[in-house]
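Only one structure is covered here, and it is reproduced in the block below.
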Amino acid sequence: MTPPQTPAAETIAAMTEGLPARAIGELTEHDTTVARRAFWLTTTPNGRVQHEFYGYAAAPGTLLAVTCMYDDPADLEWAQHVWRSIRHTGGTREW
Numbered sequence: 001m002t003p004p005q006t007p008a009a010e011t012i013a014a015m016t017e018g019l020p021a022r023a024i025g026e027l028t029e030h031d032t033t034v035a036r037r038a039f040w041l042t043t044t045p046n047g048r049v050q051h052e053f054y055g056y057a058a059a060p061g062t063l064l065a066v067t068c069m070y071d072d073p074a075d076l077e078w079a080q081h082v083w084r085s086i087r088h089t090g091g092t093r094e095w
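This is the structure:
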């Protein structure tokens with residue numbers, strides 16, 4: 001939970017400060033109550049290529065993080081869809 005008086009965009013900025021330098025893409029979006037930021041990168045754990053997507057969504061008083069890992073780089077669109085499907089429905093714990 002975040003302080004309810006902190007604007008969602010400030011919460012997102014604090015959580016994503018210092019994004020990994022190896023990020024190959026980044027998105028920032030806002031709607032009436034939710035601020036979103038995401039980044040993605042490719043890693044090679046144990047010699048195997050893996051794509052990683054990290055997304056954040058914040059509304060006053062709350063923050064949600066989503067992580068998607070996938071093998072096919074074409075699945076970036078799916079990961080972004082998952083991130084964008086987050087809906088804030090009200091209070092500080094209602095996503």
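Residue numbers for the sequence shown follow full-length UniProt numbering, beginning at 1 and rising by one.
C-beta atoms are modelled at their ideal positions from N, C-alpha and C, and glycine is treated no differently.
Using 8 Å as the threshold, is the stretch 1–10 in touch with the stretch 54–62, meaning 3 or more CB pairs across them? Yes, since at least three Cβ pairs between the stretch 1–10 and the stretch 54–62 fall closer than 8 Å, the two stretches touch.
Classify T67: buried if its beta carbon has 16 or more other beta carbons within 10 angstroms, exposed otherwise. To locate residue 67, count along the sequence shown from 1; it is residue 67. Around the Cβ of T67, a 10 Å sphere holds fewer than 16 other Cβ atoms; the residue is exposed.
Got a sec? Which residues, its chain only, sit under 8 Å from I24 by beta carbon, not counting five neighbours each side? For the purposes of this step, residue 24 is taken as the residue at position 24 of the sequence shown. The answer, listed in chain order, is W40, L41 and T42.
Measuring CA to CA, which of L19, A21 and T28 is closest to A8? Position 8 of the sequence shown, counted from the first residue, corresponds to residue 8. When each option's Cα is compared against that of A8, the closest is T28.
Where the alpha helix (DSSP H) containing V49 begins and where it ends: The residue labelled residue 49 in the question sits at position 49 within the sequence shown. Here V49 belongs to no alpha helix (DSSP H), and DSSP marks it neither H nor E.
Which first and last residues belong to the alpha helix (DSSP H) in which R84 is found? Looking up residue 84 in the sequence shown gives position 84. Its alpha helix (DSSP H) spans residues L76 to R84.
Going by C-alpha distance, which of A13, Q80 and G90 is nearest Y54? Within the sequence shown, residue 54 is the residue found at index 54, counting from 1. Per the Cα distances, Q80.
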